[in-house]
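FYI, the numbering for the sequence shown is 48 to 366, going by my numbering.
From the three backbone atoms N, C-alpha and C, an ideal C-beta is built for every residue, glycine too.
Since this is a predicted model, take the numbers as computed values, not measurements.
As structure tokens, the structure follows; a few thoughts come after it.
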Amino acid sequence: KVKEFKPGVRTIGVRNENYWGEGGYLDEIEHYGIGDSVARLNAFLAGDIDGMVNVPAKAISQVESAAGKDLWSLESGRYINLVPRHDLPESNNPHLWAAMQHLQDRQRLVKGVLKGQGGLGNDQPIGPAYFDHSPDIPQRELDLDKAKFHFQKSGIGSSPIEVIAAEVGPGAVDQCLFMQREGKKIGMNFDVKQVTTDGYWGAVWLKAPICVATWNMRPTANIMLTLAFQGDAAWNETRWKSEKFDKTLVEVRGVTDAAKRKQMYHDLQMDVYENCGMSIPSHLNYVDGISSNVKGLTHVPLNNFGGAESPVTMWRDDA
48 KVKEFKPGVR TIGVRNENYW GEGGYLDEIE HYGIGDSVAR LNAFLAGDID GMVNVPAKAI
108 SQVESAAGKD LWSLESGRYI NLVPRHDLPE SNNPHLWAAM QHLQDRQRLV KGVLKGQGGL
168 GNDQPIGPAY FDHSPDIPQR ELDLDKAKFH FQKSGIGSSP IEVIAAEVGP GAVDQCLFMQ
228 REGKKIGMNF DVKQVTTDGY WGAVWLKAPI CVATWNMRPT ANIMLTLAFQ GDAAWNETRW
288 KSEKFDKTLV EVRGVTDAAK RKQMYHDLQM DVYENCGMSI PSHLNYVDGI SSNVKGLTHV
348 PLNNFGGAES PVTMWRDDA
């Protein structure tokens, strides 16, 4: 139960004496809000905290070689994305969306930035970690010829295209900088404006014509698609709407025939891939650091620290 709650600063939870389930081994758990990844890493390596979320890719080897520290990495359906709004004139341009998708250097992002702690994204949210993932959708790659074709069709010319980026997830800013670099090769002018994560979700997300975002994995593909892609969803970032998509999304919930269900989920993912215009260059592992004497984390890829189940399952082995 909550002993102290200071948003963005500190939360202290203590064991509830009336808890009836298994687990709940710790008397008290304290969470600190350390937004700066370097400060968070230093606190972890110094032993000031027992665990940290989102170990920076460049610090992975440092954590792995540190005495008494372990790296906790889980493959997941989490992703970073680049969101063009369909309801704003600056970004409502299908050829612009296609050009942006073909300018994504996905291989470099996964290998160079994420250090292999993730997988290639394919411009639809249901990655291989989901049961209903469709493997039959062609993988988009960096393709300057296709990007140039769509850029010329877009009619944008040399006008700067503003993209607002913040490090809301690993690689979120890099995806924009890579796109900007490749865009210059075909005469496409991206103006990448980097901002702080403080206040980003209230001031930029769902407001800017083009901006970055990140999503955690959900328990099912249907939940993910419903939250972020259904036409009337509050968090439908692009404001893309498709009656066919919405109808199929509802119908598939009641389908028990495995083959039919598989085809319907393929169609849903293909619809997003072909028509939504969102760029999803990579899926992300959850990469956390944990002290070696902390045990009991579960392999649940829905959030950091084993799907955020750690308060129930973990314990300390100080022997």
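- In the DSSP assignment, S84 falls within the unbroken alpha helix (DSSP H) covering 84 to 92.
- Annotation: the continuous alpha helix (DSSP H) that includes Y312 extends over 305 to 322.
- If you compare the alpha carbons of I59, E69, V85, V359 with that of H78, the shortest gap goes to I59.
- At the C-beta level, G115 and S339 come within 8 Å of one another.
- Take the alpha-carbon of W67 and the one of R57: they are about 26 Å apart.
- Non-local C-beta neighbours of A280 in its own chain, meaning closer than 8 Å and more than five positions away in sequence, comprise T273, L274, ordered along the chain.
- Two segments are said to touch when three or more pairs of C-beta atoms, one from each, lie closer than 8 Å; by this definition the stretch 124 to 144 does not touch the stretch 298 to 306.
- With respect to the 8 Å criterion, A212 and A146 are not classified as neighbours on the basis of their beta carbons.
- Of the candidates G159, D117, G82, I184, the residue whose Cα lies closest to the Cα of K309 is I184.
- Within 10 angstroms of the beta-carbon of W362 lie fewer than 16 other beta-carbons, which makes it exposed.
- G336 has its alpha-carbon roughly 6 Å from the corresponding atom of V102.
- The C-beta separation of V130 from C223 comes to about 11 Å, leaving the pair out of contact by the 8 Å criterion.
- DSSP assignment within the stretch 117 to 202 yields the following whole alpha helix (DSSP H) runs of 4 residues or more, N-terminal first: 141 to 149, 191 to 201.
- In this structure L73 touches R62 by the C-beta definition: roughly 7 Å separates them, less than 8 Å.
- Residues P256 of the same chain have their beta carbon placed closer than 7 Å to that of E137, with the five preceding and five following residues left out of the count.
- With a cutoff of 8 Å on beta-carbon distance, G230 and L143 are scored as not near each other.
- The stretch 312 to 325 and the stretch 289 to 297 touch, with three or more beta-carbon pairs separated by less than 8 Å.
- For T345, the secondary structure class from DSSP, reduced to helix, strand or coil, is coil.
- Taking a C-beta distance under 8 Å as the contact criterion, Q154 and V334 do not qualify as a contact pair.
- Straight-line spacing of the CA atoms in T267 and N351 works out to 17 Å.
- The C-beta separation of G216 from T261 comes to about 3 Å, placing the pair in contact by the 8 Å criterion.
- The Cβ atoms of D221 and V160 sit closer than 8 Å to each other.
- A straight-line Cα-Cα distance of about 33 Å links L331 and S206.
- In the three-state reduction of the DSSP assignment, G249 falls in the helix class, which pools H, G and I.
- For C258, DSSP records a beta bridge to V130, I211.
- Each of A113, S112, Q109, I81 was checked against the Cα of V100, and the nearest Cα belongs to I81.
- Under the DSSP assignment, G218 falls outside any beta strand (DSSP E); it carries neither an H nor an E label.
- Following the DSSP letters along the chain, one finds L73 in no alpha helix (DSSP H), marked with neither H nor E.
- Assignment of G301 by DSSP, reduced to helix, strand and coil, places it in the helix class.
- K240 is positioned such that its CB atom lies closer than 8 Å to that of E209.
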